[in-house]
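Inspection log for the structure reproduced underneath, given as structure tokens.
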Amino acid sequence: MSRFLDLTLNGLANGAIYAAVALSLVLIWRATRILNFAQAGMLMITTFIAWSVIDAGASYWVGFVVALLSGLVLGAVVERVVIRPVEGAPPLNAVIVTLGLLVLLQAAAGMIWGGNPRSFPPAFSIKGYDVGGHTVLFSPFDLFTVLVVAGVLAALTVLFRRTSLGLRMRASAFEPEVARLLGVRVNRMFTVGWALASVAGSLAGVLVAPAVFVAPNAFDSVLVFGFTAAVLGGLESPAGAVVGGLTVGFALSYVSGYAGSSVVTLGALVILVAVLMVRPTGLFAPTQARRV
Amino acid sequence: MATEVETSVRPRSTPRRMLDQTLVRHLAIALAAGLALYLLSQSLSAFDNLQLATMAYYFVAVAGLTVLTGLNGQISLGHGALMAIGAYTAAKLLEGPAWPLALVLVVSTVVTAVAGVLAGAAAARLRGPYLAGATLALAVGLPSIADKFPGFLGAANGISVTPPIPPGSLGATFPLERWQAWITCLAAVIVYVLLANLVRSRFGRSFRAVRDSEVAAELAGLHVARTQVLAFVVSAACAGLAGGLFVVVTQLAAPGAFPLALSVALLTGVILGGLGSLMGAVWGAAALVLIPTWSDDLSKSLSLSTNVQANLALAVYGVVLIAVMLAAPGGLQAAVDRAAGAVTGALRTSNRSRGSGPRLEEEKET
Chain Z
12 MSRFLDLTLN GLANGAIYAA VALSLVLIWR ATRILNFAQA GMLMITTFIA WSVIDAGASY
72 WVGFVVALLS GLVLGAVVER VVIRPVEGAP PLNAVIVTLG LLVLLQAAAG MIWGGNPRSF
132 PPAFSIKGYD VGGHTVLFSP FDLFTVLVVA GVLAALTVLF RRTSLGLRMR ASAFEPEVAR
192 LLGVRVNRMF TVGWALASVA GSLAGVLVAP AVFVAPNAFD SVLVFGFTAA VLGGLESPAG
252 AVVGGLTVGF ALSYVSGYAG SSVVTLGALV ILVAVLMVRP TGLFAPTQAR RV
Chain X
2 MATEVETSVR PRSTPRRMLD QTLVRHLAIA LAAGLALYLL SQSLSAFDNL QLATMAYYFV
62 AVAGLTVLTG LNGQISLGHG ALMAIGAYTA AKLLEGPAWP LALVLVVSTV VTAVAGVLAG
122 AAAARLRGPY LAGATLALAV GLPSIADKFP GFLGAANGIS VTPPIPPGSL GATFPLERWQ
182 AWITCLAAVI VYVLLANLVR SRFGRSFRAV RDSEVAAELA GLHVARTQVL AFVVSAACAG
242 LAGGLFVVVT QLAAPGAFPL ALSVALLTGV ILGGLGSLMG AVWGAAALVL IPTWSDDLSK
302 SLSLSTNVQA NLALAVYGVV LIAVMLAAPG GLQAAVDRAA GAVTGALRTS NRSRGSGPRL
362 EEEKET
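The following block contains the structure:
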């Protein structure tokens, strides 16, 4: 029973990270109807930048802020330079462009930092809390992770529901033509959407880095987990992404604990396929007629 | 379609008439290609023969993916994983009792085709980004099975097999590399003939019909899901054969040989060659072999660091994928066609290329 509890707590922490990745995918999907496969590469680059800053002697928190800021800039630049031309094009084009960007970023990281995994420090201790003589699989750093992701979700909810910027972003995503007529600078809203999503991604990168180490393709599986979470949540709502992330986190924690850690990515594949078989556009997605 | 009917009615006495027939024409091309490859392999060094063999198995995989993505409009980022299935099947069979190599390759093709039925049945329900994401999960997840069964699949070290032995009748000094090139090129030529005929057949037409409009295809009496599964199975079978040939060339099946980068590389080959064109798959496959070789040479001659050298080919793939999609969304083949059409100024040419060209470009115009 205590093992089950341990795995559940571990799943909560991992699920928070997957939720952050899923959030970054969902924000971009909502804004531009593009699934950003390059997210794994973008959060890898920002985590590497943070690693370089920390490695050069700066404190953890400087690296943390640098990661988020570089994510903001990277997201905006990527949208302006390579994504803008394929917005509104057939979905396959955007898929191929983001995939090309993924391998390009991975190659660039390999050229700059090499292929050896680098260890990334956690913000707080990763030694589990001691509860009645038993060390649970939940550390202060895990608590920090869960709180940060909850904070991001809250901030996004406020942004989208309570601010003028959020309203303009929703309008641009929902009805670009009408929004444009009403004076919303739709393209700029798309750029903001990508930048925000990229910040959520870089946050996930910094949070997951102590566990997976930092290497050019270390985050491929995180992308798969995040995608699974986003699809579970229906790709449409930030709250759905968080629910999906936690569900995937719990499920994979049990898979890892009871079936072995080597089959975790396979577990994600099984969950993904099972969900998509039942609902080809995700569990919580509103039913939509396919346009002919 | 109309021309085919006509040719079957007309008398086929002259050689020219014979060449109008699809099967005869493809066999003639295959024969010529086989002869050219035979002569080429005689003159090549051992290293170049290995390159040729590599190109051949890349062609098999890229051609299969071309049928799926170019003709049927389904994207797959999981073909590297399907190659792994073929490769592991071949390696397990070659490890044990002495099976004839041809049989081993056929079995790895069939096994992967069966896996393709499962993957295709799932894929037929998914569209666009969902399909891409699911197949991505396949590419990342499947190779980890090897770690789960270290005894049977050899974990990270994989399974090594002994190289195929050239038959004694070819002489004791016959180089192994040339034999490998022969095996893989023969397989590639066979695949070319089969796929070229498939593309021109009823099945090829239904693949394209489903790609262009599922509703219209359904109205015309096609079973959309069944057609999509069939395209996936054909494509998976090619990937499986390519995996088997991979083992013939490298004598190894290991998880590290089938990373996500391999799936991306295959897609790059398809995009480079132009979606849906089998001839495009030939030079897409050639590019996949030559890009790493050239980028290695380049980084050596510029004495770049090993980090740069190791990643240059990957960077080129990434740039190619982005640049082709931004500059020439129909692939390079379509760009070449369009340039040729502009030069001759023939309206007929541009109309035809619009009719049979890849879908990516057409939709942009509407």
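Residue numbers (this note's numbering), protein chains in the order written: chain Z, 12 to 303; chain X, 2 to 367. The beta-carbon is built from N, C-alpha and C at its ideal position, and this holds for glycine as well. Note that this is a predicted model, so its numbers are computed, not measured.
Out of the options, state which residue places its alpha-carbon closest to the alpha-carbon of residue i.
i: X/A124; options: X/V211, X/V230, X/L171 and X/Q310; result: X/V230
i: Z/A27; options: Z/A270, Z/V281, Z/V253 and Z/L287; result: Z/V253
i: Z/F201; options: Z/V225, Z/S63, Z/L83 and Z/A262; result: Z/L83
i: Z/A33; options: Z/V275, Z/L214 and Z/I60; result: Z/L214
i: X/A240; options: X/F150, X/G87, X/A341 and X/L94; result: X/G87
i: Z/S209; options: Z/A134, Z/G144, Z/A279 and Z/G52; result: Z/G52
i: X/W183; options: X/V25, X/A343 and X/L45; result: X/L45
i: Z/L36; options: Z/G271, Z/V219 and Z/L207; result: Z/L207
i: Z/F171; options: Z/D141, Z/V203 and Z/L193; result: Z/V203
i: X/L106; options: X/Y58, X/T70 and X/D148; result: X/Y58
i: Z/L158; options: Z/T19, Z/Q117 and Z/L23; result: Z/L23
i: X/A91; options: X/A341, X/L66, X/Y39 and X/A254; result: X/A254
i: Z/L46; options: Z/D17, Z/A67, Z/T58 and Z/V97; result: Z/V97
i: Z/S232; options: Z/A250, Z/M288 and Z/L263; result: Z/L263
i: X/I166; options: X/A157, X/Q252, X/L299 and X/A114; result: X/Q252
i: X/V162; options: X/G97, X/Y193, X/Y318 and X/M326; result: X/G97
i: X/S236; options: X/N198, X/N73, X/I30 and X/G65; result: X/G65
i: Z/F15; options: Z/V266, Z/T109 and Z/G244; result: Z/V266
i: Z/G139; options: Z/L154, Z/G126 and Z/A42; result: Z/L154
i: Z/L277; options: X/L53, X/L95, X/L102 and X/L137; result: X/L137
i: X/V211; options: X/N308, X/L69 and X/A37; result: X/L69
I'd like to know if residue i contacts chain X, where contact means its C-beta is closer than 9 Å to some C-beta of that chain.
i: Z/G245; result: no
i: Z/V303; result: In this prediction, Z/V303 scores a pLDDT of 44, lower than 50, which makes its location untrustworthy; the coordinate-derived value is nonetheless stated afterwards. Chain X, which has a Cβ nearer than 9 Å to the Cβ of Z/V303, makes this yes.
i: Z/L239; result: Reading off the sequence, residue 239 of chain Z comes out as Thr, not Leu. Yes, Z/T239 counts as interfacial toward chain X.
i: Z/A31; result: no
i: Z/G88; result: Looking at the sequence shown, residue 88 of chain Z is not Gly but Val. Chain X contact via Cβ: absent.
i: Z/V223; result: no
i: Z/F48; result: yes
i: Z/I28; result: no
i: Z/L23; result: no
i: Z/T333; result: The shown model of chain Z, from 12 to 303, leaves out residue 333 of chain Z, and the question about it has no answer.
Is there a Cβ from chain Z that is less than 9 Å from the Cβ of residue i?
i: X/P130; result: yes
i: X/R209; result: no
i: X/R360; result: Any answer about X/R360 is weak, because its pLDDT of 45 lies below 50 and its placement is not dependable; what the coordinates show is given next. X/R360 counts as touching chain Z.
i: X/I371; result: No statement about residue 371 of chain X is possible, as the shown extent of chain X runs from 2 to 367 and does not include it.
i: X/L299; result: no
i: X/G74; result: yes
i: X/D213; result: no
i: X/N308; result: yes
i: X/G319; result: yes
i: X/V141; result: yes
i: X/A188; result: no
i: X/I160; result: no
With DSSP as the reference, identify every bridge partner of residue i, one or two as the case may be.
i: Z/T146; result: Z/D141
i: X/A254; result: X/I160
i: Z/R129; result: Z/V225
Here's a check: name, in chain order, each residue in its chain whose Cβ is nearer than 7 Å to the Cβ of residue i, leaving out the five neighbours to either side.
i: Z/Y29; result: F236, G237, A240, G256, V259 and G260
i: X/R201; result: T23
i: Z/L283; result: T239 and V242
i: Z/S60; result: Going by the sequence as given, residue 60 of chain Z is Ile instead of Ser. Correct list, in chain order: V77, A78 and S81.
i: X/A62; result: H80, M84, C239, A240, A243 and L267
i: Z/L113; result: F48, A49, A51 and G52
i: X/T296; result: Looking at the sequence itself, residue 296 of chain X is Ser, so the reference to Thr does not match. Closer than 7 Å at Cβ, skipping near neighbours: L313, A314 and V317.
Between which residues of its own chain and residue i is the CB-CB distance below 8 Å, once the five residues before and five after are set aside?
i: X/L132; result: Q75, I76, S77 and A124
i: X/S207; result: A218, L223 and T228
i: X/L187; result: G35
i: Z/V189; result: A182
Return the chain-ordered list of same chain residues with a C-beta closer than 6 Å to the C-beta of residue i, the five sequence neighbours on each side being excluded.
i: X/R355; result: In this prediction, X/R355 scores a pLDDT of 47, lower than 50, which makes its location untrustworthy; no coordinate-derived value is stated.
i: X/E363; result: With a pLDDT of only 41 at X/E363, under the threshold of 50, the placement of this residue in the model should not be trusted; the figure read from the coordinates follows. Excluding positions up to five away in sequence, the list is empty.
i: X/P176; result: A47
i: X/A226; result: A125
Please determine whether the Cβ atom of residue i lies at a distance below 8 Å from any heavy atom of the ligand FMN.
i: X/V112; result: Summarising the ligand content, the structure contains no ligands, and the ligand FMN is consequently not present.
Complete runs of the alpha helix (DSSP H) confined to the stretch 187-275 of chain Z [at least 4 residues]: The alpha helix (DSSP H) runs of length 4 or more contained entirely in the stretch 187-275 of chain Z are, from start to end of the chain, 187-192, 197-223, 231-243 and 249-270.
What runs of the alpha helix (DSSP H), each 4 residues or longer, lie entirely inside the stretch 160-187 of chain X? If one requires a minimum length of 4 residues, no alpha helix (DSSP H) run lies completely within the stretch 160-187 of chain X.
Which runs of the alpha helix (DSSP H) spanning at least 4 residues fall entirely within the stretch 115-143 of chain X, listed in chain order? Qualifying alpha helix (DSSP H) stretches, in chain order: 129-142.
Mind listing, in chain order, the continuous alpha helix (DSSP H) runs of no fewer than 4 residues lying wholly within the stretch 197-235 of chain X? Entirely contained in the stretch 197-235 of chain X, the alpha helix (DSSP H) runs reaching 4 residues are, in chain order, 203-213 and 215-220.
Whole runs of the alpha helix (DSSP H) within the stretch 50-137 of chain Z, excluding any shorter than 4 residues: Qualifying alpha helix (DSSP H) stretches, in chain order: 50-66, 71-89 and 102-124.
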